[in-house]
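Here is the structure we will look at.
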Amino acid sequence: MIRILAVDDEPLMLEYLERFLTNLFGDGVRVTLAQNGKDALELLEAVPVELVITDIRMPVMDGLELARQISERKLQAKVIILSGYEDFSYAHQALKYSVSDYLLKPVSKEELALAVQKQISQIKLLKRRRQDYLQVVSNSNAYRTLVGQNLISAVTHRENLRLQQYYKLACQLGIEEIQTDGAILLLEVDRWKGACTGLPPREQGVFAMILAQQVSELLGKKQLPGFSVPEPDGKTLVYLAGEDHLQVQKQARDIYRQTADYLRVETNTFVSGALGRVYPDVLQMDASYRQAENLLAQRIVTGKSSLQLAAKGSSSNFCGEMRALVSDLYSCAARGREVGCHLQLTSFAAAMPDFECETVYRFGLFLAERLFAAMPQPEPVRLDAAVQQLNARLKTEGKPFDAAETGELMGALVQCFCAQGEQGVNCSQLIAASKRYIYQHYSEPISLALLAEELGVSESYLSSLFHKETGESYIKFLTRVRMEKAAELLRANRNIKMYEVAHQVGYFNAKHFNHVFKQWQGVPPNEYQLRFFGEL
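What follows is the structure, encoded as structure tokens:
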């Protein structure tokens, strides 16, 4: 079925177009009506329309402006303009905006029918070509894998814009792996053991590459349902699909065992792994990822290279707590707050089970890497210097540390990243700029990573600073702004549709918007509106 949008400020003309097109094409078309360009544009952004037939002169937004907006926003709709003006400038502008046809009024039935039939034929041809293309690429394992990898990466890292693009494409390709139960497995080379011991961070990257390659080969050789994605920090992310949690866990154990054995024998390195909980929906993989990430971080306490499985009901957030602690430590050190820095170092040392050399080395590496990530503009040379200092101190000591020595060493690592200070970063101005950006772009799919990149700081630093300065997380602040704006829209327009409100405050899924709105306001959006207008 072809969806046609007729736009004219004359009700009689709209009625004529709807009757004419329906009689001519029957069930092959669905005709929607709008009385000006603004209303038409809102419909175009809410529902897929393939052909627009519009008048030129209309209030609020005329037909040429509508054509310009369709062209600039790259909306997939062909445009036929009906005009009472023979002036060449109008036709010239129409061609500039890629208008498909320009008809002068009065238009005969035959002329209109011929123009519409021509566009419908082209639309059907494009549809067939797209279906043929999808059929070809759907048979390409490499392409399906690429789409699956991008989808999993977008879900786990909460990149909404990429998620919308690849989720739709994965559904069109019918990728079976995303239609069953699944979980996230994270694998990482232990940097304090074997061949990695004492190596600068940038020289350890080769082992991360070997790990990622080995996992990819295993998935292909065993034809396991899932995708692997190398992470920027050296981890390998693996999405595993299966009929139930037992099958997924068995696959995870097999991959971990074979990968760990290979790297231990071939490279003298050791691998740790963590599997998040199994969920029925691929869009829940962000939760599985956070659980796996948290479990993997906890190995700095035990030092054991093993595979850990997330237990049902487990709510520990060791990874998040340690990252927040290090971010606060960096913030205190960068501002010269010695008392605060000392307190944070004491809290960090309290998480250590003992002060044996290997324990101090594990926690020192974790501290250095997290301080590096917390820098507004990370400098690799500082991370190298911190690791070199850690290696030199451990070689000199050769015996267990005490609490004071451990605190002194950790303090020295902090100074590697805060020497000369970060006085150029004005925290209040940074948060003010963050809020201003959110208020200006709340209707768009913005993420913390995108905001941090816009402001020129690291994601972890901005996250910690935002919570410290405002008393709430970035996502909570963004959601609050969106819900307040949604409530304003519901109060301002009794006839507004719920999906329109959802789109205008940054939600592409109306069902998810309804759920979030109810959490904040206590009632669904439609009930909120009815109560406001006294209809309930």
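Residue numbers (this note's numbering): -3 to 532. Glycine included, each C-beta is placed from N, C-alpha and C at the ideal position. Remember, predicted model here, so these are calculated numbers, not experimental data.
**Asked** Quick one: is F529 buried, meaning 16 or more other Cβ sit within 10 Å of its Cβ, or exposed?
**Response** Translated into positions along the sequence shown, residue 529 becomes position 533. By the neighbour-count rule (16 or more Cβ atoms within 10 Å), F529 is not buried but exposed.
**Message:** By the three-class DSSP mapping on this structure, what secondary structure does V497 have?
**Reply:** Counting from 1 along the sequence shown, the entry for residue 497 is found at position 501. Of the three classes helix, strand and coil, the one that applies to V497 here is helix, per DSSP.
**Through-space distance from I49 to D5, alpha-carbon basis** = Start at 1 with the first residue of the sequence shown, and residue 5 comes out as number 9. Start at 1 with the first residue of the sequence shown, and residue 49 comes out as number 53. Cα-Cα distance, rounded: 12 Å.
**Message:** Which same chain residues end up closer than 6 Å to R478 when comparing Cβ atoms and leaving out the 5 residues on each side of it in sequence?
**Reply:** In the sequence shown, residue 478 corresponds to position 482, counting from 1. Y438, V501, G502.
**Prompt:** Nearest chain C C-beta to H338 closer than 9 Å, yes or no?
**Reply:** Going by chain labels, chain C is absent from the structure shown, which holds only one protein chain.
**Prompt:** Hey, is the segment 309 to 328 in contact with the segment 445 to 460, meaning 3+ C-beta pairs nearer than 8 Å?
**Reply:** yes
**Asked** Can you name the start and end residues of the beta strand (DSSP E) that Q304 belongs to?
**Response** On the sequence shown, residue 304 is found 308 positions in, with the first residue counted as 1. Residues 303 to 305.
**Asked** Buried or exposed: which applies to Q210, given that a residue is buried once 16 or more other Cβ atoms fall within 10 Å of its Cβ?
**Response** Counted from its first residue, the sequence shown places residue 210 at position 214. Buried, by the Cβ-count rule.
**Asked** When we look at the beta-carbon of G360 and count the other beta-carbons within 10 Å, is it buried (16 or more) or exposed?
**Response** Your numbering for residue 360 matches position 364 in the sequence shown. When all chains shown are included, G360 counts as buried.
**Asked** What's the gap between the Cα of E484 and the Cα of V512?
**Response** Sequence index remark: in the sequence shown, residue 484 carries index 488 (1-based). Sequence index remark: in the sequence shown, residue 512 carries index 516 (1-based). Their backbone Cα atoms lie some 16 Å apart in a straight line.
**Prompt:** Do the segment 111 to 125 and the segment 32 to 47 make contact, defined as three or more Cβ pairs closer than 8 Å?
**Reply:** yes
**Request:** Can you say whether I471 is buried or exposed, counting buried as having 16 or more other CB atoms within 10 angstroms of its CB?
**Result:** As a position in the sequence shown, residue 471 is number 475, starting the count at 1. It is exposed - the Cβ of I471 has fewer than 16 other Cβ atoms within 10 Å.
**Message:** Quick check on K308: does DSSP put it in helix, strand or coil?
**Reply:** Along the sequence shown, one-based indexing puts residue 308 at 312. In the structure shown, K308 sits in coil (DSSP, three-state: anything other than H, G, I, E or B).
**Message:** For F324, report the span of its alpha helix (DSSP H) as first-last.
**Reply:** Position 328 of the sequence shown, counted from the first residue, corresponds to residue 324. Correcting the residue type first, residue 324 is Asp in the shown sequence and not Phe. Residues 314 to 330.
**Item:** Classification of L121 by the beta-carbon crowding that lies within 10 angstroms, buried from 16 upward
**Value:** As a first step, residue 121 is located in the sequence shown; it is residue number 125 there, counting from the start. Exposed, because fewer than 16 other Cβ atoms sit within 10 Å of the Cβ of L121.
**Stretch-stretch touch, CB-based, cutoff 8 Å, three pairs: the segment -1 to 17 with the segment 28 to 42** = yes
**Asked** Does the beta-carbon distance from L556 to E401 come in below 9 Å?
**Response** The chain is shown from -3 up to 532; residue 556 falls before or after that span and cannot be answered.
**Prompt:** Where do the ends of the beta strand (DSSP E) carrying F529 lie?
**Reply:** Taking the sequence shown and counting its residues from 1, the one referred to as residue 529 is at position 533. It is not in any beta strand (DSSP E) - F529 carries neither H nor E in the DSSP assignment.
**Request:** Run the CB neighbour count on Q287, radius 10 Å, all protein chains shown included, and call it buried at 16 or more, exposed below.
**Result:** Stepping through the sequence shown from its first residue, residue 287 is reached at position 291. Per the 10 Å Cβ criterion, buried.
**Request:** Label E289 either buried or exposed according to how many other C-beta atoms from any shown protein chain fall within 10 Å of its C-beta, with 16 as the threshold for buried.
**Result:** Position 293 of the sequence shown, counting from 1, holds the residue named residue 289. So E289 ends up on the buried side.
**Request:** Please say whether V234 and L182 have beta carbons closer to each other than 9 Å?
**Result:** Within the sequence shown, numbered from 1, the residue matching residue 182 stands at position 186. Within the sequence shown, numbered from 1, the residue matching residue 234 stands at position 238. Yes.
**Prompt:** How big is the Cα-Cα spacing for G201 and G230?
**Reply:** Here the question's residue 201 lines up with position 205 in the sequence shown. Here the question's residue 230 lines up with position 234 in the sequence shown. When rounded, the distance between both Cα atoms is 7 Å.
**Message:** Run through the DSSP bridge pairs and tell me what D177 is partnered with.
**Reply:** The count along the sequence shown starts at 1 and reaches residue 177 at position 181. Partner(s): G238.
**T152 burial status per 10 Å Cβ neighbour count (16 or more: buried)** = As a working mapping, residue 152 is identified with position 156 in the sequence shown. Label assigned to T152: buried.
**Item:** Contact set for R260: own chain, Cβ-Cβ below 8 Å, skip 5 residues either direction
**Value:** Translated into the one-based positions of the sequence shown, residue 260 becomes position 264. Correct list, in chain order: G190, F266, V267.
**Prompt:** In chain order, what residues of the same chain lie with their CB nearer than 8 Å to the CB of P196, ignoring the 5 residues before and after it?
**Reply:** In the sequence shown, residue 196 corresponds to position 200, counting from 1. These residues qualify, in order along the chain: D380, V383, Q384.
**Prompt:** What are the residues that DSSP puts in a beta bridge with R(-1)?
**Reply:** Counting from 1 along the sequence shown, the entry for residue -1 is found at position 3. Answer is R26, bridged to R(-1).
**Prompt:** So which of Q247, S94, A204 has the shortest CA-CA distance to I180?
**Reply:** On the sequence shown, residue 180 is found 184 positions in, with the first residue counted as 1. Considering only alpha carbons, the answer is Q247.
**Request:** With a cut-off of 8 Å on the beta carbons, I'd call S456 and R331 a contact; round off their distance for me.
**Result:** Here residue 456 corresponds to residue number 460 of the sequence shown, with the count starting at 1. Here residue 331 corresponds to residue number 335 of the sequence shown, with the count starting at 1. Contact doesn't hold; Cβ gap of about 17 Å is too wide.
**Prompt:** Expressed to the nearest angstrom, what Euclidean distance is found between the alpha-carbon atoms of C353 and C192?
**Reply:** As a first step, residue 353 must be located in the sequence shown, where it is residue number 357. As a first step, residue 192 must be located in the sequence shown, where it is residue number 196. Their backbone Cα atoms lie some 16 Å apart in a straight line.
**Request:** Could you please give the first and the last residue of the uninterrupted alpha helix (DSSP H) stretch that includes G33?
**Result:** Numbered from its first residue, the sequence shown carries residue 33 at position 37. Counting along the chain, the alpha helix (DSSP H) containing G33 begins and ends at 33 to 42.
**Limits of the alpha helix (DSSP H) - the one that I296 falls within** = Within the sequence shown, residue 296 is the residue found at index 300, counting from 1. Segment 295 to 298, the alpha helix (DSSP H) holding I296.
**Item:** Start-to-end residues for the alpha helix (DSSP H) that takes in P7
**Value:** Locating residue 7 in the sequence shown gives position 11, counting from the first residue. Run containing P7: 7 to 21, per the alpha helix (DSSP H) assignment.
**Request:** Take the Cβ of R126 as the centre, count every other Cβ of all protein chains shown within 10 Å, and call the residue buried at 16 or more, exposed below.
**Result:** Translated into the one-based positions of the sequence shown, residue 126 becomes position 130. Per the 10 Å Cβ criterion, exposed.
**Message:** Our contact map puts L426 next to V453 with C-beta atoms below 8 Å; I'd like the distance itself, whole angstroms only.
**Reply:** Start at 1 with the first residue of the sequence shown, and residue 426 comes out as number 430. Start at 1 with the first residue of the sequence shown, and residue 453 comes out as number 457. The pair is a contact, with the Cβ atoms about 7 Å apart (cut-off 8 Å).
**Asked** Which residue from K481, G403, G178 puts its Cα closest to that of E239?
**Response** By one-based count along the sequence shown, residue 239 stands at place 243. When only C-alpha atoms are compared, the closest one is G178.
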